[in-house]
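Residues 116 to 330 in the working numbering are what the sequence shown lists, from first letter to last.
Glycine included, C-beta positions come from ideal geometry on N, C-alpha and C.
Predicted, not measured: the structure shown is a model, and the values here were computed from it.
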Amino acid sequence: MSHPDFAIAEVMPGQLNALVKNIMRQTGTDDVNEAVKLVNSGEWIITKPVRRWREENGVIRFTVVSRGLTGPQWIEHLEKMGRPVGNYAKSVLRSPDFKPTNGVTYEVAVLKGEIFKDEDRITQMIRAEADRRKLVKPNAELGCLIREMFTDKEIEEMGLYWIIAMHEPIVDSDGNPRLLGTRRYDSSLSAFYDEPDDRWYRDGGFAFVSQVSSS
């Protein structure tokens, strides 16, 4: 029988490692000792997760706040979280056209692909629908903020396989226009090829912004 003061005596090392990694992810720190300190000190309270998004008529809504991470910093941060960054996504993040902000609150509206007819689910018509709804193009950093915020399970619960930030395309290392997006089947931040007449599958979501405010 384990000693009452040594609660983890019967916890397998793999389980303990997974627990600490979850604490690190939830507290947003890459330092394991800092993550444990935040919980033990009471600065961070572990509670039952609450859904961080809502859906209204085929539109997923949530809020994210930027904090000034540069493209290279996002690469390092996401990969430490266990969320791989694709090669084309890395080239977009390293581009001088990737311009992060700090302290900006984005009210995000993700148009689910299923609200479009198959023949209408092309880039220019998706952007036209966003304009009709008075939604605007986001900063490219939104792709990173979404990848950081949501687990693959949460994206699955939204009924989506991927979420693409519909920012102004950024040219990759091969000279092709790309959009940053989250894929749930491999936990990655990827860069999707983008042209006005590109056709998309119905199981994805297209992220725009309904409101932007600065602190």
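E194 sits in a helix when the DSSP states are folded into three classes. Following the DSSP letters along the chain, one finds L275 in no alpha helix (DSSP H), marked with neither H nor E. Here the stretch 215–226 makes no contact with the stretch 284–294; the two share fewer than three CB pairs at distances below 8 Å. In the DSSP assignment, K227 forms a beta bridge with G320. In this chain, L250 is not harboured by any alpha helix (DSSP H), its DSSP state being neither H nor E. Beyond the five residues adjoining it in sequence on each side, F213 comes within less than 7 Å, by CB distance, of G186, V207, A255, I285 in the same chain, given in chain order. Around the CB of G228, 16 or more other CB atoms lie within 10 Å, so the residue is classed as buried. At the C-beta level, A245 and M281 come within 9 Å of one another. Cα atoms of S303 and H192: separation of roughly 13 Å, rounded to the nearest angstrom. The C-alpha of I123 is placed about 34 Å away from the C-alpha of I190. In this structure, the CA atom of T162 is about 14 Å from the CA atom of L153.
Beta-bridge annotation (DSSP): P187 is not paired with any residue. In summary, L184 is buried, with 16 or more beta-carbon neighbours lying within 10 Å of its beta-carbon over all protein chains present.
In the three-state scheme derived from DSSP, where H, G and I count as helix and E and B as strand, R176 is classed as strand. Collapsing the DSSP output to three states places N132 in a helix. Taking a cut-off of 8 Å for Cβ pairs, the stretch 199–206 and the stretch 235–242 do not touch, as fewer than three such pairs fall below it.
Looking at the DSSP output, V286 bridges to P292. The beta carbon of I241 sits closer than 6 Å to the beta carbons of F321 from its chain, once the five residues preceding and following it are set aside; these are given in chain order. By the criterion of a C-beta distance shorter than 7 Å, R314 is surrounded in its chain by R236, I237, once the five residues flanking it on both sides are discounted.
Residue pairing of S329 in beta bridges, as defined by DSSP: V219.
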